[in-house]
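Asks: Taking our numbering, the leading residue of the sequence shown gets 688, the next gets one more, and so forth.
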Amino acid sequence: MPEPVTLDVLAIAAHPDDIEITCGGTLIKLAAMGRVTGALDLTRGEMGTLGDERSRKAEAAQAGEVMGLSWRGNLALPDSAVAYNQENKLKIAQVIRDTKPELVILPHWEQRHPDHLTCSRLGYDACFLAGLKKINLQGEPYRPRKIMYVSYFRNTDYSFLVDISKYFEKKCDAVRAYRSQFGGEVTAKQIFQPGLDIFDLMRTRAAALGQLVGVQYAEAFTIKEHILIDDPQKIPVQSI
């Protein structure tokens, strides 16, 4: 993996392209705001029907450039066999200690793909373990301040939505970097259901979420704690 840098935000996902499809717009927006953003892929996506390790590695690097990431790593865990164990927790915890993100973005725990679910569980545990003084990790104890979970199409328990209207097309460009997965007439279709183009799916979903809060495009997130409001009168989105 590349040398770590100190991050403001670290997104963690099971496979290359997961981050781009789910929270790519938010990462692009945060980078545009001056935040130092990074991504950690747990696997190389080698079990996918399309592409191979080499092509997906190059595509992930290109997508990271489109999103403005300052750092991207890959743990090279076995695709479709990501294990929920202490060894993998510590591998992620070491990345968290090395990069020191204040915010970590994880997959939502309601999932179709087992790797996504395992990633969610591993990521949370790693955030906790990274803060333990006596654990077998290098560096000083560190624990992110905030964890949020990005929607993966199934859940509807959104805590808040992020307006990505200005950044949606760039999000699509990041996904297009994965030419082995989404390029051409054949590979751009039948990803989530027969005949449905991934970009049509992303646009439809982002527009539907945006409609909920009065913007063109949005991404949805869930947190496990309550949200504290300083001035209730300034909460955005009209009630009526």
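Every residue, glycine too, gets a C-beta built ideally from N, C-alpha and C.
Bear in mind that the values here come from a model prediction, so they are computed numbers and not experimental data.
(1) Use the C-beta contact count for Val873: other C-beta atoms within 10 angstroms, 16 or more gives buried, fewer gives exposed.
(2) Assuming Asp844 is part of the alpha helix (DSSP H), what are its boundary residues?
(3) Give the DSSP bridge partners of Tyr904, in chain order.
(4) Helix, strand or coil for Leu756? Go by DSSP, reduced to three states.
(5) Count the other C-beta atoms from every protein chain shown that fall within 10 angstroms of the C-beta of Phe908, then say buried if there are 16 or more, exposed otherwise.
(6) Does the Cβ of Thr843 have 16 or more other Cβ atoms within 10 Å, making it buried, or fewer, making it exposed?
(7) Would you mind giving the Cβ-Cβ distance between Arg784 and Leu824, rounded to the nearest angstrom? I have them listed as a contact below 8 Å.
(8) Have a look at Ile711 and Lys858 and give me their C-alpha separation to the nearest angstrom.
(9) Would you mind giving the Cβ-Cβ distance between Gly755 and Ile715, rounded to the nearest angstrom? I have them listed as a contact below 8 Å.
(10) Would you list, in sequence order, the uninterrupted beta strand (DSSP E) runs of no fewer than 3 residues that lie entirely inside the stretch 770 to 809?
(11) Span of the alpha helix (DSSP H) holding Val862?
(12) Just the Cα atoms here: how many angstroms apart are Asp802 and Val924?
(13) If the criterion is Cβ atoms closer than 9 Å, does the pair Ala957 and Glu707 meet it?
(14) Any idea if Gln920 is buried or exposed, counting beta-carbon neighbours within 10 angstroms, 16 or more meaning buried?
(15) Quick check: the stretch 791 to 798 against the stretch 827 to 843, are there 3 or more CB pairs under 8 Å?
(16) What are the residues that DSSP puts in a beta bridge with Ala700?
(17) Suppose the cutoff is 7 Å on Cβ atoms and the five residues either side in sequence are ignored; what does the same chain contact list for Lys744 look like?
(18) Which one of Arg890, Ala748, Val791 has the shortest CA to CA distance from Lys833?
(19) Keeping to the same chain, check which residues put their C-beta closer than 6 Å to that of Ser807; ignore five residues upstream and five downstream.
(20) CB-CB under 6 Å to Ala928, same chain, minus the five flanking residues each way: which ones, in chain order?
(21) May I ask you to report which of helix, strand or coil DSSP gives Leu888?
Replies: Let me lay it out:
(1) Confidence in Val873 is poor, its pLDDT being 48 and thus under 50, which makes the residue's placement unreliable; the coordinate value appears in the next sentence. By the neighbour-count rule (16 or more Cβ atoms within 10 Å), Val873 is not buried but exposed.
(2) Under the DSSP assignment, Asp844 falls outside any alpha helix (DSSP H); it carries neither an H nor an E label.
(3) Assignment of beta-bridge partners to Tyr904 by DSSP yields no partner.
(4) Here Leu756 sits in coil by DSSP.
(5) Phe908 is buried by the Cβ-count criterion.
(6) Classified as exposed, Thr843 has fewer than 16 neighbouring CB atoms from the shown chains inside 10 Å of its CB.
(7) Confirmed, Cβ separation roughly 6 Å.
(8) A small correction: the amino acid at residue 711 is Gly; Ile does not occupy that position in the sequence shown. In a straight line, the C-alpha of Gly711 is about 5 Å away from that of Lys858.
(9) Indeed they touch by this definition, with Cβ atoms about 6 Å apart.
(10) Within the stretch 770 to 809, the runs of beta strand (DSSP E) that reach at least 3 residues and sit entirely inside it are, in chain order, 790 to 794.
(11) Taken as a continuous stretch (DSSP letters only), the alpha helix (DSSP H) holding Val862 covers 855 to 863.
(12) Spanning the two alpha carbons is a distance of roughly 35 Å.
(13) The first residue shown for the chain is 688 and the last is 927, placing residue 957 beyond what the model contains.
(14) Gln920 is classed as exposed because its beta carbon has fewer than 16 other beta carbons within 10 Å across all chains shown.
(15) A contact is defined here as three or more CB-CB pairs under 8 Å, and the stretch 791 to 798 meets this definition with respect to the stretch 827 to 843.
(16) Residue pairing of Ala700 in beta bridges, as defined by DSSP: Asp728.
(17) For Lys744, where only same-chain residues beyond five positions count, the Cβ hits under 7 Å are Arg731.
(18) Among Arg890, Ala748, Val791, the Cα nearest to that of Lys833 belongs to Val791.
(19) Taken in chain order, the residues that qualify are Leu793, Pro794, Trp796.
(20) For residue 928 there is no data in the structure shown, the boundaries of the chain being 688 and 927.
(21) In the structure shown, Leu888 sits in a helix (DSSP, three-state: H, G or I).
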